[in-house]
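Residue numbers (my numbering), protein chains in the order written: chain A, 2 to 389; chain B, 296 to 515.
Every residue, glycine too, gets a C-beta built ideally from N, C-alpha and C.
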């Protein structure tokens, strides 16, 4: 029977060609959309690795161009003043790559000829408690008291997996351009937002008096009113003698950082749903027309001994076979992307997207074909045979 | 072999009731060649469809080869048609996308047979109608007479004991019509196949064993 159906599909290739192209194009579009969706869903399913509720961030004016002693004095004063405020529970400092800044500092090392790119952030020793970062293993680095303490780092799990091949020992030294002592591991630290991949990241110490400090993060008492920011502005203005700074609520920053991606995803999803409703309706219409055009053939087959199930199976196999061909043809193209790493996305994500697309396209085609096939099977042979 | 008892067929719409067959009683013996004649619309094809289980009577009883087939369910009907009945139609009803041999194999697809067995049986059937040199041709490449011979091969490929032919020579000229009639007569004589043929052609009808005439759904 299968051979018979393949012959029918092949001998009817002119009529089947447009249907084939429609299914092929739908499959390719779906592969791209589903992989993109899955890529982003996977990213959003990983936690940021820090808290944003009741956290404020203060982006300071450029300190680097100022005298280092002046900066040290100013930052010490600022720290004292901020910690005196009862509304502020904790204060920490970071360099350029601070939460939702969009900044990246990358260090590249080579391991057996394979380049490893690592994001590096520098924070003060109390950053984890201010930001609510929980450690998976080990401890946060300390404010250095000895030379050895100075080299302590905390890394994320992605660093362990990608740069160390999953093997590590706490308190051992790792190479990230220079030797650093690994003291703690966090699961994730996606400081640039939810849709940013959890890339290998190293967090190391920076003193709060350093000229490279760019950002102050504050953990506020829950329920602190927005009016407190007025007082905060006054403190910063008084201490830094500058009004060139920005105070941000990290919850708002978090939403802002994801906003564009959500818009793209929503538009893409809406377009895909619309496209597939059209494809489904088109398929249904074409199949309905095709099956109606073949009423006398259905009647003939029934006269020759075909049951209703034989008729339904034949039509579903015919359209399913055509869809399978379109999907196989599409797979030849789609598979090249993860196979040859044409775009820098984890192959597993692409394979999942492709797998989903195969099931979705075949499922959609069979669902759209079922009703016309079932209606076709209900034709009375005597009626259908009269119609030619 | 075939017994019809009090067969009636009514077509109903909301406003009109049309009687297509009115109390038909018929007995066809094994190996008999019966022709049915009558003016257009008298119910010849309806009667043939009912005998062939392609249509259901409004009431009455049909018995074929000792089976009361009028009580059969759809699946049993399909199986019975496949095993015992062969059909020949005026307009051939060949599937244009399939080659001659694939068209002939059609009834065998609904039996549990291998491709090899199907090919073998179809070749034998085509040989018996003299078309073994046209196996890979498509219906569009054949003449009317050749198409009807393919249809006959398809009707006999499953070795049915009954062949139902609905105006098999209706679309053919007299030469081709005679050719087809001779094949049917040969099938009847050599294989003892029971044949019921609807025809408008008196000459053809007189070549059969018995003639049944219908008029306005009634047996004359």
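Under the assumption that residue i contacts residue j (Cβ atoms under 8 Å), give the Cβ distance between them as a whole number of angstroms.
i, j, result
"residue 365 of chain A", "residue 321 of chain A", "About 11 Å separates the two Cβ atoms, so there is no contact after all."
"residue 357 of chain B", "residue 305 of chain B", "That pair is no contact at about 16 Å."
"residue 458 of chain B", "residue 381 of chain B", "4 Å"
"residue 144 of chain A", "residue 126 of chain A", "4 Å"
"residue 431 of chain B", "residue 390 of chain B", "With 8 Å as the limit, residue 431 of chain B and residue 390 of chain B do not qualify as a contact, their Cβ atoms being about 15 Å apart."
"residue 319 of chain A", "residue 9 of chain A", "6 Å"
"residue 277 of chain A", "residue 317 of chain A", "Actually they do not touch by this definition, with Cβ atoms about 19 Å apart."
One question on the structure: do residue i and residue j come within less than 8 Å of each other, judged by their Cβ atoms?
i, j, result
"residue 224 of chain A", "residue 185 of chain A", "no"
"residue 354 of chain B", "residue 303 of chain B", "yes"
"residue 21 of chain A", "residue 327 of chain A", "yes"
"residue 93 of chain A", "residue 218 of chain A", "yes"
"residue 347 of chain B", "residue 339 of chain B", "no"
"residue 60 of chain A", "residue 216 of chain A", "yes"
"residue 452 of chain B", "residue 403 of chain B", "yes"
"residue 466 of chain B", "residue 439 of chain B", "yes"
"residue 131 of chain A", "residue 220 of chain A", "yes"
"residue 306 of chain A", "residue 405 of chain B", "yes"
"residue 464 of chain B", "residue 475 of chain B", "yes"
"residue 370 of chain B", "residue 308 of chain A", "yes"
"residue 335 of chain A", "residue 32 of chain A", "yes"
"residue 329 of chain B", "residue 507 of chain B", "yes"
"residue 36 of chain A", "residue 280 of chain A", "no"
"residue 17 of chain A", "residue 266 of chain A", "no"
"residue 51 of chain A", "residue 178 of chain A", "no"
"residue 446 of chain B", "residue 368 of chain B", "no"
"residue 461 of chain B", "residue 316 of chain B", "no"
"residue 201 of chain A", "residue 120 of chain A", "yes"
"residue 212 of chain A", "residue 39 of chain A", "no"
"residue 449 of chain B", "residue 401 of chain B", "yes"
"residue 373 of chain B", "residue 399 of chain B", "no"
"residue 154 of chain A", "residue 182 of chain A", "yes"
"residue 41 of chain A", "residue 196 of chain A", "yes"
"residue 314 of chain B", "residue 512 of chain B", "yes"
"residue 498 of chain B", "residue 490 of chain B", "no"
"residue 198 of chain A", "residue 300 of chain A", "no"
"residue 237 of chain A", "residue 246 of chain A", "yes"
Quick one: using the 10 Å Cβ neighbour count with 16 as the cut-off for buried, is residue i buried or exposed?
i, result
"residue 393 of chain B", "buried"
"residue 122 of chain A", "buried"
"residue 106 of chain A", "exposed"
"residue 504 of chain B", "exposed"
"residue 228 of chain A", "exposed"
"residue 11 of chain A", "exposed"
"residue 260 of chain A", "exposed"
"residue 351 of chain A", "buried"
"residue 206 of chain A", "buried"
"residue 239 of chain A", "exposed"
"residue 436 of chain B", "exposed"
"residue 282 of chain A", "exposed"
"residue 337 of chain B", "buried"
"residue 191 of chain A", "buried"
"residue 271 of chain A", "exposed"
"residue 58 of chain A", "buried"
For residue i, go through chain A and note every residue whose CB falls closer than 9 Å to its CB, in chain order.
i, result
"residue 374 of chain B", "306, 308"
"residue 384 of chain B", "301, 304, 386, 389"
Below 8 Å on C-beta distance, what does residue i contact in chain B?
i, result
"residue 404 of chain A", "The requested residue 404 of chain A does not occur in the structure, where chain A is confined to residues 2 to 389."
Give the interface partners of residue i over in chain A, defined as CB-CB distance under 8 Å, in chain order.
i, result
"residue 402 of chain B", "305, 306"
"residue 303 of chain B", "Those do not exist, as residue 303 of chain B stays about 16 Å from chain A at its closest Cβ, beyond 8 Å."
"residue 369 of chain B", "308, 309"
"residue 397 of chain B", "5, 8"
"residue 306 of chain B", "Near residue 306 of chain B there are no residues of chain A at all, since even the closest Cβ is about 11 Å away, more than 8 Å."
Show which residues of chain A have a CB atom less than 7 Å away from the CB atom of residue i.
i, result
"residue 567 of chain B", "Outside the shown range of chain B, which is 296 to 515, sits residue 567 of chain B, and nothing can be said about it."
"residue 392 of chain B", "9, 12, 13"
"residue 377 of chain B", "305, 306"
"residue 405 of chain B", "305, 306, 307, 311"
Which residues in chain B sit within 7 Å of residue i, going by Cβ to Cβ distance?
i, result
"residue 298 of chain A", "390"
"residue 383 of chain A", "344, 349, 350"
"residue 200 of chain A", "Ordered by position in chain B, no residue passes the 7 Å Cβ test against residue 200 of chain A, which lies about 56 Å from the chain."
At least one CB of chain D closer than 8 Å to the CB of residue i: is that the case?
i, result
"residue 379 of chain A", "This model lacks chain D altogether; the protein chains it does include are A and B."
Quick one: does the C-beta of residue i sit closer than 7 Å to a heavy atom of the ligand ADP?
i, result
"residue 314 of chain A", "For the ligand ADP, the structure offers nothing, since it holds no ligand at all."
- prompt: Which parts of the stretch 393 to 425 of chain B are runs of the alpha helix (DSSP H), unbroken and 4 residues or longer, counting only runs that do not cross its ends?
  reply: Unbroken alpha helix (DSSP H) runs of no fewer than 4 residues, entirely contained in the stretch 393 to 425 of chain B, are found at 395 to 399, 410 to 423, following chain order.
- request: Kindly provide the ranges of any alpha helix (DSSP H) runs that are 4 or more residues long and lie completely inside the stretch 126 to 173 of chain A, ordered along the chain.
  value: Listed in chain order, the complete alpha helix (DSSP H) runs (minimum 4 residues) inside the stretch 126 to 173 of chain A are 128 to 132, 158 to 164.
task: Please list the segments of the beta strand (DSSP E) lying wholly inside the stretch 435 to 492 of chain B, counting only runs of 3 or more residues, in order along the chain.
output: The stretch 435 to 492 of chain B contains these whole beta strand (DSSP E) runs: 457 to 461.
message: So within the stretch 329 to 404 of chain B, which uninterrupted alpha helix (DSSP H) runs reach at least 4 residues, ignoring any that extend past its ends?
response: Correct list: 339 to 346, 369 to 379, 395 to 399.
field: Contiguous beta strand (DSSP E) assignments of at least 3 residues, all confined to the stretch 224 to 298 of chain A
entry: Within the stretch 224 to 298 of chain A, the complete beta strand (DSSP E) segments at least 3 residues long are 247 to 250, listed from N- to C-terminus.
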